[in-house]
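Numbering (the working numbering), first residue to last: 1 to 370.
Here you go:
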């Protein structure tokens, strides 16, 4: 008789607060379901959690698109970015009409290489997009050391809500920081996003642009009275239903972060074979550990690992594939990315979510025979 595979440990687990359903019902019955009081409450709570003023949006992709707009990026401009990320990072560059310029990454961590950024700078560079892979912040001090003052830094912190870089919380490190509250993130509002900025005037402008350019705080003589629009914007605002869910889930986020980190620590200290985990000890940070990435010796062994772990009831995945090989980006291909080549051929992610059985994951990994 064939062995029975134990109950599966998925790579991700959606968290939903017990009070979320009641909160949504209250909004549905209130008669006010679009952007309203719940959005303002959620923004206030996020600002307190992150330690910096925050505006909410309908997705992390909208946050990235808005950040590019606020950074002055337009058609023909160059944006230095990493191909080792979700497509959502780089598609907004294309839809803005700008040109993605691929920087290399550290083959140990998956994080964008500050020296590669410096090497890719040209007179056309308008912004840099840095992605906090798995929740580990990029080395922002090193990035800024070589960044001209006219080039804006955009942090894609979709993986990194709650992460810390050298005692500073993610959210006030870059000119613009973009968060995602999509379903499987540490904090979910089912879908949604948020944007922070170092300069108040950018947030003021961002609030206008997220709803067509309309100043929704302006006094009007009658309900839905006409307000002049000085700059055309988007329909990127969050609604009260998503905000209500986000508010309830935010109350549990510190505990969820602690569980992710404790599960990652079990693997950090318990693995007894020669693999590398993408946690760089060379600078101080506290990753949110949305992903736990391991680097297998080579692509062939990784394929064996990808078959072995599910046989133990544990889901694994690369999660994101390098964007420079996607058809949408074919005209921007680069052949000079040795760090991306190495990392993308060896990396795999294992479960560390709040309900993951870290000891069972560890046992399976330690029993794997390359």
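Cβ coordinates follow ideal geometry from the N, Cα and C atoms, glycine included.
Note that this is a predicted model, so its numbers are computed, not measured.
Sequence-distant residues of its chain with Cβ nearer than 7 angstroms to residue 256 (five each side left out): 15, 186 and 354
For residue 311 and residue 1, the rounded distance between their alpha carbons: Residue confidence for residue 1 is low, a pLDDT of 44 falling below 50, so the modelled location carries little weight and cannot support an answer.
Selection from 109, 80, 297 and 133 that minimises the alpha carbon distance to residue 123: Taking only the C-alpha atoms, the option nearest residue 123 is 80.
Bounding residues of the alpha helix (DSSP H) (the contiguous stretch that carries residue 347): Run containing residue 347: none in the alpha helix (DSSP H); it sits in the beta strand (DSSP E), 347-350.
Cβ-Cβ distance between residue 102 and residue 334 below 8 angstroms: yes
Neighbourhood of residue 32 by C-beta, 8 angstroms cutoff - its chain only, sequence neighbours within 5 removed: 240
Outcome for residue 325 when other beta-carbon atoms lying within 10 angstroms are tallied against a minimum of 16: exposed
Proximity to residue 198 [Cα-Cα], best of 152, 22 and 100: With distances taken between CA atoms, residue 198 lies nearest to 152 out of 152, 22 and 100.
Extent of the continuous alpha helix (DSSP H) to which residue 30 belongs: Here the alpha helix (DSSP H) through residue 30 covers 20-30.
For residue 249 and residue 50, the rounded distance between their alpha carbons: 15 angstroms
DSSP-derived helix/strand/coil call for residue 374: Outside the displayed span of the chain (1 to 370) sits residue 374, for which this structure offers no information.
Supposed contact pair residue 211 and residue 233 - C-beta distance, whole angstroms, cut 8 angstroms: 7 angstroms
DSSP state of residue 332 mapped onto helix, strand, coil: helix
Residues near residue 213 in its chain [Cβ-Cβ closer than 8 angstroms; skip 5 each side]: 229, 230, 231, 232 and 233
Close Cβ partners of residue 140 (< 7 angstroms) along its chain, the five nearest in sequence each way excluded: Non-local C-beta neighbours of residue 140 in its own chain, meaning closer than 7 angstroms and more than five positions away in sequence, comprise 165, 173 and 174, ordered along the chain.
Residue 196 versus 63, 319 and 120, residue with shortest Cα-Cα distance: 63
Residues of its chain near residue 19, where Cβ-Cβ distance is below 6 angstroms and the 5 sequence neighbours each way are ignored: Here the set comprises 248.
Three-state secondary structure (DSSP) of residue 245: In this structure, residue 245 counts as helix in the three-state DSSP scheme.
Whole-Å CB distance - residue 154 paired with residue 128, under 8 angstroms assumed: 7 angstroms
Residue 131 - DSSP class collapsed to helix/strand/coil: Correct three-state label for residue 131: strand.
Beta-bridge pairing of residue 273 - partner residues as DSSP gives them: Residue 273 pairs with nothing; no bridge assigned.
Whole beta strand (DSSP E) elements within the region 84-124, 3-residue minimum: As far as the region 84-124 is concerned, its whole beta strand (DSSP E) runs of at least 3 residues are 99-102.
Other residues of its chain near residue 69: CB distance less than 7 angstroms, five sequence neighbours each side excluded: These residues qualify, in order along the chain: 209.
Alpha-carbon to alpha-carbon, residue 117 and residue 143: If I take the Cα positions, the gap works out to 8 angstroms.
Every unbroken alpha helix (DSSP H) inside the region 137-193 [4 residues or more]: 140-145
CB of residue 337 within 8 angstroms of CB of residue 156, strictly: no
Three-state class that DSSP yields for residue 38 in the structure shown: helix
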